[in-house]
Every structure is written in structure tokens, then in C-alpha cells.
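2 protein chains.
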Amino acid sequence: MGTQQLEAVPEPKYWHLRTVLSEALDSEFAVGEILPNERDLAARFGVARATLRQALEQLELEGRLHRRRGVGTTVAPPRMGVAVGADGQAWPGGGGDDSWQSVDCTLAVPPAAVATALVIPRGHAVYTVRRSRVSHGQPVAAELLYVPQSSVPDLTAIDAPSEAARARAVLRELQRLELEGQDRAVELGSARADDAKELDRLPGAPVLVVTTRFFAEGRTAALSVATYRADTCRLTFGAAGGVEIHHGPERRAS
Amino acid sequence: MGTQQLEAVPEPKYWHLRTVLSEALDSEFAVGEILPNERDLAARFGVARATLRQALEQLELEGRLHRRRGVGTTVAPPRMGVAVGADGQAWPGGGGDDSWQSVDCTLAVPPAAVATALVIPRGHAVYTVRRSRVSHGQPVAAELLYVPQSSVPDLTAIDAPSEAARARAVLRELQRLELEGQDRAVELGSARADDAKELDRLPGAPVLVVTTRFFAEGRTAALSVATYRADTCRLTFGAAGGVEIHHGPERRAS
DNA sequence: CAGTGGTCTAGACCACCCT
DNA sequence: GGGTGGTCTAGACCACTGA
Chain A
18 MGTQQLEAVP EPKYWHLRTV LSEALDSEFA VGEILPNERD LAARFGVARA TLRQALEQLE
78 LEGRLHRRRG VGTTVAPPRM GVAVGADGQA WPGGGGDDSW QSVDCTLAVP PAAVATALVI
138 PRGHAVYTVR RSRVSHGQPV AAELLYVPQS SVPDLTAIDA PSEAARARAV LRELQRLELE
198 GQDRAVELGS ARADDAKELD RLPGAPVLVV TTRFFAEGRT AALSVATYRA DTCRLTFGAA
258 GGVEIHHGPE RRAS
Chain B
18 MGTQQLEAVP EPKYWHLRTV LSEALDSEFA VGEILPNERD LAARFGVARA TLRQALEQLE
78 LEGRLHRRRG VGTTVAPPRM GVAVGADGQA WPGGGGDDSW QSVDCTLAVP PAAVATALVI
138 PRGHAVYTVR RSRVSHGQPV AAELLYVPQS SVPDLTAIDA PSEAARARAV LRELQRLELE
198 GQDRAVELGS ARADDAKELD RLPGAPVLVV TTRFFAEGRT AALSVATYRA DTCRLTFGAA
258 GGVEIHHGPE RRAS
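Quick note, the sequences are listed as chains A and B, same order.
Numbering-wise, the working numbering comes out as the position in the first sequence, counting from 1, plus 17.
Numbering-wise, the working numbering comes out as the position in the second sequence, counting from 1, plus 17.
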């Protein structure tokens with residue numbers, strides 16, 4: 018009799034909590050609504066705050082909650098679809114795409130992994146264009162675009178009035194090349210300190226890293242590494258818009 | 018004088034720890050090597066075990082570590098590139114793709130969100146094909162493919178000898194339709210209990226959810242929801258192979 | 001069985017936001 | 001200043017693995 022017989026399947030508390038909260042979010046809360054604070058919620062469910070937080074972290078990972086220090090926990094809107102490679106192949110910054118905004122541009126030695134992908138010697142400097150992407154009024158992605166000097170040989174003197182202008186000049190030169198193909202990969206990562214700041218998140222926040230290689234003149238002419246907020250974004254490929262599949266029931270019908 | 022002046026930038030301990038461990042992994046450990054256990058590591062760094070675990074969780078999220086209960090923590094190999102939509106558009110299971118294996122097939126009512134995407138009434142049953150994907154000898158993805166009965170009208174009697182055979186029959190029928198287009202989205206999710214089991218992970222493990230809509234005969238003919246292990250997979254699009262960009266230095270050169 | 005990672009607790013203090 | 005979420009501690013017990 019000392020043992021409880023509830024939970025024949027010893028599901029972890031935080032996982033059960035996640036399910037309970039998830040269902041409550043579906044039925045009892047509206048988007049943007051503020052949840053009770055963590056201490057109250059923990060007391061209400063009779064668990065330690067750390068356990069409650071584990072459940073909240075899950076829900077935040079799934080894009081259901083939005084937590085801000087000093088403010089509170091709110092119900093997040095459904096993830097926004099963000100087009101990545103909307104229509105076939107295109108250079109970055111081309112074709113009237115105004116969702117990206119150039120921030121700055123430096124001539125610097127890239128990380129070794131980037132040098133390898135670009136097939137250039139280590140320690141060789143490349144143009145590093147920094148851009149940020151905004152969607153529905155909030156930052157969704159930060160990108161580093163690496164362009165070897167050899168890809169933009171005609172880039173005129175560095176007399177641009179600002180860093181942003183210099184970045185645009187690099188993009189403009191790049192678009193003069195004929196794009197022969199591109200290559201994309203998506204993986205999970207965690208935001209570095211600088212990206213986190215730009216994305217308005219804490220360091221270590223989960224991000225979707227989209228790496229794109231651009232081929233021209235028979236070689237890799239540029240490499241883009243874009244980090245998207247994983248909590249708020251659903252990356253869409255192909256036709257615009259994308260599918261709306263969200264947090265269905267835990268078990269599907271049998 | 019009561020305050021310590023170490024750490025002028027009050028970086029969280031677990032984040033600093035993550036960086037230190039990450040560098041140690043680069044320089045002092047080989048892939049597959051076993052790390053000291055968590056209690057020892059925590060003692061060595063002078064932190065609580067929970068803090069050490071926060072750092073390990075980050076590294077696992079980034080695909081650098083592999084942790085198994087009852088076994089230990091090992092250094093993970095680089096993520097494997099997994100082709101998703103290798104070349105243009107194709108029905109699932111077509112074209113000699115042997116990376117997917119049909120598991121079973123039921124006729125069941127799908128989650129409401131799926132019914133919405135398929136534009137069918139709620140409570141309407143669809144064929145639900147379950148497949149699993151193996152790469153390099155380990156499971157990487159679990160898929161649920163929803164096929165409305167109207168997409169496979171000629172499917173003959175349900176006399177298949179096994180669930181798997183029935184699944185293949187549905188796929189075969191599907192491939193008789195002319196594929197007019199498809200639509201893909203990628204987002205972060207957490208593994209449900211059943212997916213987790215199939216992927217050899219614990220529930221809640223981070224996964225990349227790839228949702229694909231298949232269009233034929235002017236409507237959505239099928240919907241695929243595939244969950245990929247986020248820790249071991251890098252999803253590649255376009256040309257085969259993909260890019261190899263991994264855990265570069267925390268700060269890039271200026 | 002001993003050893004591992006996974007879960008959970010009950011506290012404490014800190015960084016941040018808003019008023 | 002008061003309230004929020006973020007970090008951290010020092011324990012405890014559990015579930016699982018493999019010898």
C-alpha cells in the first residue's frame with residue numbers, strides 16, 4: 018500500500034504535465050494570453066518549479082509558449098511560414114526580395130569549416146555580409162553570407178558610405194554571375210551569443226540553421242549560413258504559404 | 018569587496034561550460050570515445066550536476082554528444098546528411114528509393130489538422146501508412162503518410178498478407194496518379210511517445226518535422242508528416258550530399 | 001550487481017521588465 | 001520595488017544497461 022498505483026505507465030511527471038498544459042492551451046487560452054507565473058503553476062500542479070519548467074521548456078520548443086524574463090509566459094501564435102528558396106534557384110538579395118536587410122560587410126577570415134566548403138585556403142579572407150530577416154514585424158533570421166573575393170573581382174573601391182551599402186555592393190556584384198545551381202541543408206543548432214542578440218533570444222536558444230551553397234563558374238561562388246528562430250518559424254520550400262499542421266493529439270486514432 | 022570580479026561578463030556557468038567542453042571535444046576526444054560520467058565531470062568543474070547537465074544538453078542538441086541511460090556519454094560523429102526531396106518532385110516510395118521501409122497501414126480517422134490540410138471532412142477515415150527510414154544502419158525518421166480513399170479508388174480488396182504489404186499496395190496505387198506538384202515545410206518539434214520509440218530516443222527528444230503535401234488531380238492527394246532525429250540528421254535539399262558546416266568557433270574573426 | 005544517465009525536490013539568488 | 005523568468009545548488013531516488 019505504500020506505493021501509489023496511479024500512472025500504471027510511469028510516465029515522467031514533466032511529460033504528463035506537458036500534455037495537460039498542451040490541452041489546456043488548446044481549450045482554455047487565447048493567443049497572447051498570459052499564463053500564471055511559474056511558482057503559482059508549480060504549486061497548483063503540486064510539483065517543484067524545476068519540474069514545471071521542464072514541461073514549459075518542451076512547450077516552448079514546440080512553439081506553443083513564449084517566455085520572456087521579467088514579463089511572463091504567454092501563449093504563442095502558430096508558427097509563421099517563412100519561405101526558404103521560394104522558387105527554384107536565385108542569388109541572395111535578388112528579385113525584389115525585401116524580407117532580407119543588409120546589415121554590414123567585412124573582409125575577414127572565415128571559420129575553417131566555411132573555408133573548406135568554399136574550397137579556399139585557410140586564413141584566406143572573404144567578404145562576410147551580415148543580413149537579417151524580418152517577418153511580420155519581428156526578427157526571424159540572421160545570416161552570414163561568405164563571398165570569396167574571386168567571386169566579385171570587379172568590386173570597386175571600398176568607398177561605400179556605410180557598411181550596409183558595402184554589403185549591397187557585394188550582393189549586386191554577385192548577381193552578375195550566372196547561377197548554375199545551389200545546394201541546401203537544414204539542421205538544428207543553438208544560437209551563438211551574437212545571433213541570439215539579433216534574434217531577440219537568449220544564447221543557446223534553438224535555431225534552424227540553413228546552409229546554402231551557390232555554384233557559379235564551375236565552383237562554389239558563395240556560402241550562406243542562415244539561422245532561423247526555431248520557436249517561431251516554420252521553413253517552407255516550394256510553393257508559397259506552406260502547410261498548417263500543428264500540435265495534433267498525442268495519440269492518433271487506431 | 019564582497020563581490021567577485023571574475024567573469025566581468027556574467028556569462029551563465031552552463032554556457033561557459035558548454036564552450037569549454039566543446040573545445041575539449043574538438044581537441045582531446047575522438048568520435049565514439051566515452052566521456053567521464055556526469056558526477057565526475059561536475060566535480061571536476063566544481064559545479065552541481067544539474068548545471069553540468071545543462072551544458073551537456075546543449076551539446077547533445079547540437080549533435081556533438083550522444084547520451085544513453087545506463088551506458089554513458091559518448092562523442093557523436095558528425096551529423097549525417099539525409100536527402101529530403103533529392104531531385105524535384107516524386108511520390109513517396111517511388112523511383113527505387115530503398116531508404117524507406119513500409120511498416121504498416123490502417124484505415125483511420127486522422128488528427129483534425131491533417132483533415133484540414135487534406136481538405137476532407139472531420140471524422141473521415143484515410144489510409145494511414147507508417148514508414149520508417151534507416152540510414153547508415155540506424156533509424157533516422159518515422160513517417161505517417163495520410164492518403165484519402167479518393168486518391169486510391171482502385172485499391173483492391175484488403176487481402177494483403179501483411180500490414181506492410183498493404184502499405185506497399187497503397188503506395189503503388191498512389192504512384193499511378195500524375196503528380197502535379199508538392200509543397201514542403203520543416204519545423205522543430207518534439208518526439209511523441211511512439212515516434213520516440215521508433216527513433217530509439219526518449220519522448221520529447223528534438224525532431225525535425227518535415228510536412229509534405231502532394232498535389233494531383235487538382236487537389237491534395239496525400240500528406241506526409243515525417244519526423245527526423247534532430248541530433249543525428251542534417252536534412253539536405255537539392256544536389257545530393259550537402260554541405261559540411263560544423264560547430265565553428267564561437268566568435269568569428271572581425 | 002554496480003554504474004550510468006533521467007527525474008525530481010526545495011530551496012536560493014540573479015537579471016530583467018515594468019510601474 | 002515588486003514580480004517575472006533564468007540560473008544554480010545539493011541532495012535523493014528511479015530506470016536502464018551490461019558484466
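A virtual CB, placed ideally from N, CA and C, is assigned to each residue, including glycine.
Below-8 Å beta-carbon distance, residue i vs any chain B residue
i        : result
A:THR244 : no
A:ALA270 : Because the pLDDT of A:ALA270 is 30, which lies under 50, any placement of that residue in the model is unreliable, and the number read from its coordinates should be weighed accordingly. Taking Cβ atoms only, chain B reaches closer than 8 Å to A:ALA270, which makes this a yes.
A:GLY265 : At A:GLY265 the pLDDT is 45, less than 50, meaning the model places this residue with poor confidence and gives no usable figure here.
Check whether residue i and residue j have beta carbons under 8 Å apart
i        : j        : result
A:ARG251 : B:GLU160 : no
A:GLY255 : B:GLN199 : yes
A:SER149 : A:VAL120 : yes
A:VAL126 : A:TYR144 : no
B:ARG230 : A:THR253 : no
A:ALA130 : A:ARG139 : no
A:THR91  : A:GLU50  : yes
B:THR237 : B:VAL136 : yes
B:ALA65  : B:VAL164 : no
A:VAL207 : B:LEU73  : Checking the sequence, you will find Ser at residue 207 of chain A rather than Val. No, they are not a contact pair.
A:GLY110 : A:LEU188 : yes
is_contact[residue i, chain A] using C-beta, thresh 8 Å
i        : result
B:GLY87  : no
B:LYS30  : no
B:ALA208 : no
B:ARG61  : no
B:LEU38  : no
B:ALA247 : yes
B:LEU191 : no
Closest Cα partner of residue i within the set the options
i        : options                                : result
B:PRO156 : B:ASP248, B:ARG84, B:ARG35, B:ALA59    : B:ASP248
A:THR244 : A:THR253, A:ALA233, A:THR237, A:LEU225 : A:LEU225
B:PRO220 : B:THR228, B:THR229, B:VAL227, B:ALA210 : B:ALA210
A:GLY235 : A:THR228, A:ASP212, A:GLU195           : A:GLU195
B:GLU190 : B:ARG66, B:TRP108, B:PHE62             : B:TRP108
A:GLY89  : A:ALA238, A:LEU52, A:ALA184            : A:LEU52
A:HIS141 : A:HIS153, A:SER152, A:VAL151, A:LEU124 : A:LEU124
A:SER223 : A:ALA186, A:ALA182, A:ARG246, A:PHE232 : The amino acid occupying residue 223 of chain A in the given sequence is Pro; Ser does not appear at that position. Nearest of A:ALA186, A:ALA182, A:ARG246, A:PHE232 to A:PRO223, Cα basis: A:ARG246.
A:CYS122 : A:LEU162, A:LEU34, A:TRP32             : A:LEU162
A:ASP115 : A:ARG96, A:LEU34, A:SER152             : A:SER152
A:ASP43  : A:ARG81, A:ALA182, A:ARG185            : A:ARG81
B:ARG61  : B:ASP217, B:GLU28, B:VAL37, B:GLN118   : B:VAL37
B:TYR31  : B:GLU45, B:PHE46, B:GLY111, B:LEU58    : B:LEU58
B:ALA158 : B:LEU216, B:SER179, B:PHE232, B:ALA47  : B:LEU216
B:ALA233 : B:GLU45, B:PRO27, B:GLN106, B:LEU34    : B:GLN106
B:ARG86  : B:GLU197, B:ARG218, B:TRP117, B:LEU76  : B:ARG218
Where residue i meets chain A, residues with beta-carbon distance less than 7 Å
i        : result
B:GLN199 : GLY255
B:PRO220 : TRP32
B:ARG81  : What B:ARG81 touches in chain A: nothing, since even the nearest Cβ is about 10 Å away.
B:GLN75  : SER207, GLY221
Within chain A, the residues that residue i reaches when beta carbons sit closer than 8 Å
i        : result
B:PRO223 : LEU78, LEU205, PRO223
Residue interval of the alpha helix (DSSP H) (run including residue i)
i        : result
B:PHE231 : Unbroken run through B:PHE231 is the beta strand (DSSP E), 223-233; no alpha helix (DSSP H).
A:ALA41  : 30-45
A:LEU194 : Run containing A:LEU194: none; DSSP gives neither H nor E here.
B:ARG56  : 55-62
A:GLU215 : 210-215
A:THR249 : Unbroken run through A:THR249: none, as it is neither H nor E.
A:ALA129 : 129-135
Closer than 7 Å: residue i CB and nearest the ligand NAD heavy atom
i        : result
B:LEU124 : What this structure holds is no ligand at all, so the ligand NAD is not there to describe.
Element boundaries [beta strand (DSSP E), containing residue i]
i        : result
A:ARG246 : 236-246
A:ARG66  : From DSSP, A:ARG66 is part of no beta strand (DSSP E) but of the alpha helix (DSSP H) over 66-78.
B:ALA100 : 97-100
A:ARG84  : 82-85
B:ALA202 : 198-207
B:PRO165 : 155-165
A:TRP117 : 117-125
B:VAL146 : 143-152
B:VAL92  : 89-92
Proximal residues of chain B, C-beta to C-beta of residue i below 7 Å
i       : result
A:ARG96 : GLU204
Neighbouring residues, chain B, relative to residue i (Cβ below 8 Å)
i        : result
A:ARG251 : ALA202, VAL203, GLU204
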